[in-house]
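Everything on this sheet refers to the single structure shown next.
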Amino acid sequence: MSHRSSEQTIALFDKYVVPNYRRYPVCLVKGEGSYVWNAEGKRYLDFFPGWGCNMLGYTPQKVIKAIQEQAAKLIHVPNTWYTEPQGEFAEALCTRSFGKAFFCNSGAEANEGAIKLARLHTPAGKYKIITFLDGFHGRTFGAVTATAQPKYHDGIGPMLPGFLYSPRNDLQAVRDLIDDETAAIMIEPVQGEGGVNIPAPGFLQGLRKLCDEFGLLLIFDEVQTCTGRTGNWFAYQTFGVQPDIITMAKGIASGVACGAIICKDEVAPSLRPGMHASTFGGNPIAMAAGLATIETIEEEQLIPHSRKMSERFRQHFEKLKAELPLIRELRICNMMLGLELAIPATPAVAKCMERGLLINATHDTVVRLLPALNITPAQVDEGCDILATVLREMANG
Numbered sequence: 112m113s114h115r116s117s118e119q120t121i122a123l124f125d126k127y128v129v130p131n132y133r134r135y136p137v138c139l140v141k142g143e144g145s146y147v148w149n150a151e152g153k154r155y156l157d158f159f160p161g162w163g164c165n166m167l168g169y170t171p172q173k174v175i176k177a178i179q180e181q182a183a184k185l186i187h188v189p190n191t192w193y194t195e196p197q198g199e200f201a202e203a204l205c206t207r208s209f210g211k212a213f214f215c216n217s218g219a220e221a222n223e224g225a226i227k228l229a230r231l232h233t234p235a236g237k238y239k240i241i242t243f244l245d246g247f248h249g250r251t252f253g254a255v256t257a258t259a260q261p262k263y264h265d266g267i268g269p270m271l272p273g274f275l276y277s278p279r280n281d282l283q284a285v286r287d288l289i290d291d292e293t294a295a296i297m298i299e300p301v302q303g304e305g306g307v308n309i310p311a312p313g314f315l316q317g318l319r320k321l322c323d324e325f326g327l328l329l330i331f332d333e334v335q336t337c338t339g340r341t342g343n344w345f346a347y348q349t350f351g352v353q354p355d356i357i358t359m360a361k362g363i364a365s366g367v368a369c370g371a372i373i374c375k376d377e378v379a380p381s382l383r384p385g386m387h388a389s390t391f392g393g394n395p396i397a398m399a400a401g402l403a404t405i406e407t408i409e410e411e412q413l414i415p416h417s418r419k420m421s422e423r424f425r426q427h428f429e430k431l432k433a434e435l436p437l438i439r440e441l442r443i444c445n446m447m448l449g450l451e452l453a454i455p456a457t458p459a460v461a462k463c464m465e466r467g468l469l470i471n472a473t474h475d476t477v478v479r480l481l482p483a484l485n486i487t488p489a490q491v492d493e494g495c496d497i498l499a500t501v502l503r504e505m506a507n508g
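Under this note's numbering, the residue at position 280 of the sequence shown is numbered 391, and the numbers go up by one with no gaps.
Given below as structure tokens:
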């Protein structure tokens, strides 16, 4: 399958690539659907494809065709000109949500733009943004400061001024942080990296009321929850709360680098010419991939399909939880699945990988799954059986 072995590729990385990632000793070379193969031909079932970016799994045919056709016409055009793919993808996103779109390349970049937009749109002197403990908004300086987890700040301080942190699900704590300098509240509707934390009933609605009461903008970081992940196009629809700004990335272009901000019509003009830009943002290839992603999700009815697969996961995991006290809690929001364990979850990753299943561990004790929307019933069963075997082994360890 590859002219290099995994071992040879790893040696190449050791010599030339900055070692800032803890990588598994595997070189992946080919994928199809929810399966991926290494250089030696071993097949893995991936319950965490592309770190949640591969919303349609590997090699979705309509997306591949759109990329190929677009690459033969235009690969890159600066935003000083109009391009048809950007207009069409903006229409596709906004007609499934609201407002107007700005395009960039990543979730962190989208969040940086939202932070800037919030400060530009609110009156002079308003600059503070309230975010939430265990949240995650990205690695750039504004986004990492907004991320209320000290481990991400270690050694890189001082952080940027103007960010205040509140516990989740505590409206009084949020209210106590609001003052005359507060511009916005920013939250992930479902915290991903923080452990698949689903908001308490009424909490997001309460944030909307606080924003209306104090004249603040409500920003939903939907980098992980967009494009059908929570059972609707966007999580704000799942929870029935209308934000002023949403950010997105990960799955919107099936793994091609793409991020976006969607904001209400009245907010959009505040991101005025000269105040913000993204050289590669909205490039024709990403836009073509994004449009093909949306078309595939609709044509193949993958949002209703994902709801059925989520229930299939739930049935497996509820049965397993009843069997294993090791599983403390299930957190399921459609195709965002978390299993809170009584012990560290990281060993489960290596044990599953040995058996041909790829998963993620986050927040120390949480097994996190972000399966593709088009995963099949047989693949759900196959992967859940492997995970059950591993968790039983850990419970008896």
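In this text, a Cβ means the ideal position worked out from N, Cα and C, and glycines have one as well. This one's a predicted model, so the numbers in the text were calculated from it and none came from an experiment.
CA-to-CA distance, residue j to residue i, given in whole angstroms
{"i": "Phe558", "j": "Tyr135", "result": "What is shown of the chain runs 112 to 508, which leaves residue 558 out entirely."}
{"i": "Pro171", "j": "Ile289", "result": "46 Å"}
{"i": "Ala122", "j": "Leu275", "result": "44 Å"}
{"i": "His114", "j": "Tyr146", "result": "21 Å"}
{"i": "Pro261", "j": "Ile309", "result": "21 Å"}
{"i": "Tyr263", "j": "Ala254", "result": "11 Å"}
{"i": "Ile178", "j": "Lys462", "result": "36 Å"}
{"i": "Leu511", "j": "Ala203", "result": "There is simply no residue 511 to check, as the chain begins at 112 and stops at 508 in what is shown."}
{"i": "Ala295", "j": "Glu377", "result": "15 Å"}
{"i": "Asn222", "j": "Gln412", "result": "29 Å"}
{"i": "Gly224", "j": "Ser389", "result": "10 Å"}
{"i": "Thr206", "j": "Ser381", "result": "21 Å"}
{"i": "Gly161", "j": "Ala472", "result": "14 Å"}
{"i": "Met232", "j": "Ile226", "result": "Note that residue 232 corresponds to His in the displayed sequence, not to Met. The alpha-carbon atoms of His232 and Ile226 are separated by roughly 10 Å."}
Residues of its chain near residue i, where Cβ-Cβ distance is below 7 Å and the 5 sequence neighbours each way are ignored
{"i": "Met112", "result": "The pLDDT assigned to Met112 is 47, lower than 50, so where the model puts this residue is not dependable, and the model offers no usable value."}
{"i": "Gly305", "result": "Asp245, Gly246, Phe247 and His474"}
{"i": "Ala182", "result": "Ile396"}
{"i": "Pro445", "result": "According to the sequence displayed, residue 445 carries Asn and not Pro. Excluding residues within five positions, the ones whose Cβ falls inside 7 Å are Arg340, Thr341, Gly342, Ser417, Arg418 and Ser421."}
{"i": "Asn165", "result": "Ser365, Gly366 and Ala483"}
{"i": "Lys375", "result": "Phe209, Gly210 and Asp355"}
{"i": "Arg439", "result": "Glu451, Leu452 and Ala453"}
Residue i, buried or exposed, once every other Cβ within 10 Å from all chains shown has been counted against 16
{"i": "Arg383", "result": "exposed"}
{"i": "Leu468", "result": "buried"}
{"i": "Pro189", "result": "exposed"}
{"i": "Ser208", "result": "buried"}
{"i": "Lys361", "result": "buried"}
{"i": "Leu228", "result": "buried"}
{"i": "Asp157", "result": "buried"}
{"i": "Phe325", "result": "exposed"}
{"i": "Phe350", "result": "buried"}
{"i": "Met386", "result": "exposed"}
{"i": "Arg319", "result": "buried"}
{"i": "Lys237", "result": "buried"}
{"i": "Gly168", "result": "buried"}
{"i": "Thr191", "result": "exposed"}
{"i": "Phe124", "result": "exposed"}
Close Cβ partners of residue i (< 8 Å) along its chain, the five nearest in sequence each way excluded
{"i": "His416", "result": "Leu484 and Asn485"}
{"i": "Thr194", "result": "Leu185, Val188, Gly393, Pro395 and Met398"}
{"i": "Ile414", "result": "Gly339, Gly342, Asn343, Trp344, Ile408 and Leu484"}
{"i": "Glu333", "result": "Glu299, Pro300, Phe345, Ala346, Tyr347, Ile357, Thr358 and Met359"}
{"i": "Ser117", "result": "Pro136, Val137, Cys138, Asn149, Ala150 and Glu151"}
C-beta contact flag for residue i and residue j at 8 Å
{"i": "Phe420", "j": "Val491", "result": "For clarity, residue 420 is Met in the given sequence; the question names Phe instead. Result yes, Cβ atoms of Met420 and Val491 sit closer than 8 Å."}
{"i": "Leu481", "j": "Met447", "result": "yes"}
{"i": "Ile363", "j": "Thr338", "result": "yes"}
{"i": "Ala259", "j": "Ile240", "result": "no"}
{"i": "Ala459", "j": "Lys211", "result": "no"}
{"i": "Glu451", "j": "Arg442", "result": "yes"}
6 Å Cβ shell around residue i - same chain, five flanking residues per side excluded
{"i": "Pro55", "result": "The question about residue 55 has no answer, for the chain in this structure spans 112 to 508."}
{"i": "Thr120", "result": "Cys138"}
{"i": "Glu199", "result": "Leu402"}
{"i": "Gly303", "result": "Gln335"}
{"i": "Lys173", "result": "Ala403 and Thr407"}
{"i": "Phe391", "result": "Asn216"}
{"i": "Gly144", "result": "Gly168"}
{"i": "Arg425", "result": "Ile443"}
Within 8 Å, do at least three Cβ pairs link the region 204-221 to the region 246-265?
Short answer: they touch.
How about the region 266-280 and the region 345-355: do they share at least three Cβ pairs that are nearer than 8 Å?
no
Could you tell me whether the region 117-137 touches the region 319-331, using the rule of 3 or more Cβ pairs below 8 Å?
no
Touching by the beta-carbon criterion (3+ pairs, under 8 Å), the region 280-288 and the region 342-349:
no
Counting beta carbon pairs with one atom in the region 428-436 and one in the region 196-216, are three or more of them shorter than 8 Å?
No, the region 196-216 is not in contact with the region 428-436.
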